[in-house]
Each structure stands twice: as structure tokens, then as C-alpha cells.
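Novice:
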Amino acid sequence: HYNQLQKWIGFFPLLRPFLLQRIHTLHEDEQRWFADTENFPLSTSYTPAQNLPLTSPNEIKQWLSKAYAQSTLGIPQLDASALDALFALHAPKLTIEHRGNNDLIGSPEWQRGKIVINNKLPSTYILPSFTRISGRNILQLNYVFWFSERKATNLIDLYSGAIDSLIWRVNLDEDGQVFLYDSIHSCGCYHKYFRVTDDLLIK
Numbered sequence: 009h010y011n012q013l014q015k016w017i018g019f020f021p022l023l024r025p026f027l028l029q030r031i032h033t034l035h036e037d038e039q040r041w042f043a044d045t046e047n048f049p050l051s052t053s054y055t056p057a058q059n060l061p062l063t064s065p066n067e068i069k070q071w072l073s074k075a076y077a078q079s080t081l082g083i084p085q086l087d088a089s090a091l092d093a094l095f096a097l098h099a100p101k102l103t104i105e106h107r108g109n110n111d112l113i114g115s116p117e118w119q120r121g122k123i124v125i126n127n128k129l130p131s132t133y134i135l136p137s138f139t140r141i142s143g144r145n146i147l148q149l150n151y152v153f154w155f156s157e158r159k160a161t162n163l164i165d166l167y168s169g170a171i172d173s174l175i176w177r178v179n180l181d182e183d184g185q186v187f188l189y190d191s192i193h194s195c196g197c198y199h200k201y202f203r204v205t206d207d208l209l210i211k
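Everything in the sequence shown is counted per the working numbering, starting at 9 for the first residue and increasing by one.
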């Protein structure tokens, strides 16, 4: 919940038009970047290690059907081995434009009394969650990636700062098929939805 007094002290009414303009510009930029098929001049790619055998769609459907049936609340709680298999199956391959070390995926570490991101140890953090859509309880696979900072892109960049992270989420239907992807920064900003249509990713 927002503190109204703090909003006024922070001159929110005066900043609101500026922020709205920035949001509209960001939406236009995002659509242009998403449609751009050119490669980055310099990039870093991350490919997940496939240590587990890929699971068949029929086996996944059976896991979820059993999990739904066993839950009084209709929440598909899978065991650790089934979740590991699903996370391995849907793990994303990432290609990230490289403009500086802040574009490298790392691992959070506690050093000298503060949190730092070690980009020499790129890691993916995983977490299952659930959401409710149209009366259905849906399993979500969350992949979390940490970065050392978000560098300012202009003189007054209100979104810049130390430590940044991105969550890539895979939403599975009752049969274990992907029906929606979404991504969001861990701060709650930049929430985006993606769906698959005819093997194409649509934003």
C-alpha cells in the first residue's frame, strides 16, 4: 500500500506526467526491440545443462492429473523429481546484449556485510508457484536471474540502481502444456506477457 503523505512529499503529482511519458516511450521501445530480428553486436549466451532425461508429454499429463486428483483444493503439488524434470524441460536459453559486466548473470553472495552479485558464477534459481485463472489452479515454473546493477540510461533514470533480477515464468495448463509465458523484475516492475501462437512467441 502506498503512503499518500510520502507520495506528496516526493512531489508525485508533479512527477506523474513525466513518469507516464517514460512509460509510453518504454512501451514503444519494447515493441520495437521485440520485433527486431537482428543479432546484438555483442552478447552473452547461457544454455541450461540438461542433466535429466527429457520427459514425454503423456508422462507429464499423468503426473498433473494425479496431483490434481489428490488435492482437495485442486492444487497440483508435484514431488521433487517431477518438478526437477519440468524445470529441466522448460529451462530457457538466454542471449543477453553485453554492454558491461552488469549484463552478466551472477549469484548473490554476502561479502563484508552486504549483498553482492558474483558474475563469475552464473546461476539460475528456480521456484514453483501457483496462480488461479478462470477458476483453475495453474502450476507456474519460476526461473530467477540476478544481475549486479541496472545502469542508468540517461541523466535522470529513476529505475537505475544496484542489484537487479529478472523472473521468467512458465505457466502450464492441466495437461502440462505451456499456455502462457510472463516475465517480471523482482521489484515488481516491467511485467510482460507472452503467448505461443503457431510456434511463434507473441508479446
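Backbone N, C-alpha and C fix where the C-beta goes; we use that ideal spot for every residue, glycine too.
1. So for E117, helix, strand or coil by DSSP?
2. Just checking my contact of L188 with Y201 at CB under 8 Å: how many whole Å lie between their CB atoms?
3. Kindly give me the distance between the Cβ atoms of Q148 and R120, rounded to whole angstroms, as I take these residues to be in contact under 8 Å.
4. Do the CB positions of N110 and E38 come within less than 8 Å of each other?
5. Please classify Q148: does DSSP put it in a helix, a strand, or coil?
6. Where does W71 land, buried or exposed, given buried means 16+ other C-beta within 10 angstroms?
7. Between L135 and V152, how many whole angstroms is the CB-CB distance? I'm expecting something under 8 Å.
8. Please name the residue or residues paired with I175 in a DSSP beta bridge.
9. Out of curiosity, what's the CA-to-CA distance linking V186 and W16?
10. Quick test of your reading: K101 and Y54, contact by CB under 8 Å. State the CB separation rounded to the nearest angstrom.
11. To the nearest angstrom, report how far apart L180 and L22 are at their CA atoms.
12. Using the beta-carbon count (16 or more within 10 Å), is A43 buried or exposed?
13. Kindly give me the distance between the Cβ atoms of S194 and S173, rounded to whole angstroms, as I take these residues to be in contact under 8 Å.
14. Might you give, ordered along the chain, the residues of its own chain that have their beta carbon closer than 6 Å to the beta carbon of D190, omitting 5 neighbours on each side?
15. Do F138 and I68 have their C-beta atoms closer together than 8 Å?
16. If we count the other Cβ atoms within 10 Å of its Cβ and call it buried at 16 or more, is P13 buried or exposed?
Specialist: Short version:
1. DSSP places E117 within a strand segment (E or B) once states are collapsed to three.
2. 6 Å
3. About 36 Å separates the beta carbon of Q148 from that of R120, a gap too long to meet the 8 Å contact definition.
4. no
5. In the three-state reduction of the DSSP assignment, Q148 falls in the strand class.
6. buried
7. 7 Å
8. V152 and I192
9. 43 Å
10. 7 Å
11. 42 Å
12. exposed
13. Approximately 4 Å separates the beta-carbon atoms of S194 and S173; this is inside 8 Å, confirming the contact.
14. R177 and Y201
15. no
16. Strictly speaking, residue 13 in this sequence is Leu, with Pro absent from that position. With fewer than 16 Cβ atoms within 10 Å of its Cβ, L13 is classed as exposed.
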